[in-house]
Amino acid sequence: MSDSLGSSFRRVYERLKLEFYREVYSASHEEGMPLSAVEAFSLEVIDQLGRPTIGQFAEFLNISRSNATYKVANLIRLGFVKKERSGPDKREYYLVLTEKYRSRAALLDEYVAALVERIRARFTPSETAEFARMLSVISNELMEDSSPAAKDL
Numbered sequence: 025m026s027d028s029l030g031s032s033f034r035r036v037y038e039r040l041k042l043e044f045y046r047e048v049y050s051a052s053h054e055e056g057m058p059l060s061a062v063e064a065f066s067l068e069v070i071d072q073l074g075r076p077t078i079g080q081f082a083e084f085l086n087i088s089r090s091n092a093t094y095k096v097a098n099l100i101r102l103g104f105v106k107k108e109r110s111g112p113d114k115r116e117y118y119l120v121l122t123e124k125y126r127s128r129a130a131l132l133d134e135y136v137a138a139l140v141e142r143i144r145a146r147f148t149p150s151e152t153a154e155f156a157r158m159l160s161v162i163s164n165e166l167m168e169d170s171s172p173a174a175k176d177l
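Each residue of the sequence shown is one higher than the one before, counting from 25 in my numbering.
Rendered as structure tokens:
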């Protein structure tokens, strides 16, 4: 990525991602249950997919269902994920993030809120509105994903 826009966008993305990982890792280490990088990544995927089934989680990551089941079992053991039975037939389970995870993710929300306030302080209301419009277009129209599990993100 040699152009300025691309490298700037990448830096913003990387800084947000690093802030998220720092919060999740530090909280899990304080509790004596450190997460691996793959586990933190898996939590983020589950969060973005909403309430996926293990099959949807596996499909999105392009891993076997047994590998996905193993990863999810570890996250359940650590208290970050729980399984909820599906509707009336109850044959399928949805992966649901627990309050333990949500409290860590809220720390990233606080960081983003502080960043938004800095944006509002630095730029004019019209620049801020245009930036919000551009982010919306990027998110809703320009970001393509070939995975059926990610279509609703």
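The C-beta atom is built at its ideal place from N, Cα and C for all residues, glycine as well.
- With at least 16 other beta carbons inside 10 angstroms of its own, R128 counts as buried.
- The shortest C-alpha to C-alpha distance from E43 to any of E68, D27, S31 and S28 is the one to E68.
- When secondary structure is reduced to three states using DSSP, K107 falls in the strand class.
- Taking 9 Å as the cut-off, the Cβ atoms of F65 and L73 do not count as close.
- Measuring C-alpha to C-alpha distances from P76 to each of P112, Y49, S90 and E116 identifies E116 as the nearest.
- Contact annotation, I70 with L102: C-beta distance approximately 13 Å; criterion of less than 8 Å not satisfied.
- Between E63 and K106, the C-beta spacing is not below 9 Å.
- Under the three-state reduction of DSSP output, L59 falls in the coil class, being neither helix nor strand.
- Pairing G79 with A92 gives a Cβ-Cβ distance under 9 Å.
- Rounded to the nearest whole angstrom, the C-alpha separation of F81 and S88 is 10 Å.
- Cβ-Cβ distances below 8 Å link V136 to L40 in the same chain, with the five nearest sequence neighbours on each side left out; the list follows chain order.
- For L121, the enclosing beta strand (DSSP E) starts and ends at Y117 to L121.
- Residue environment for Y37: exposed (fewer than 16 other C-beta atoms within 10 angstroms of its C-beta).
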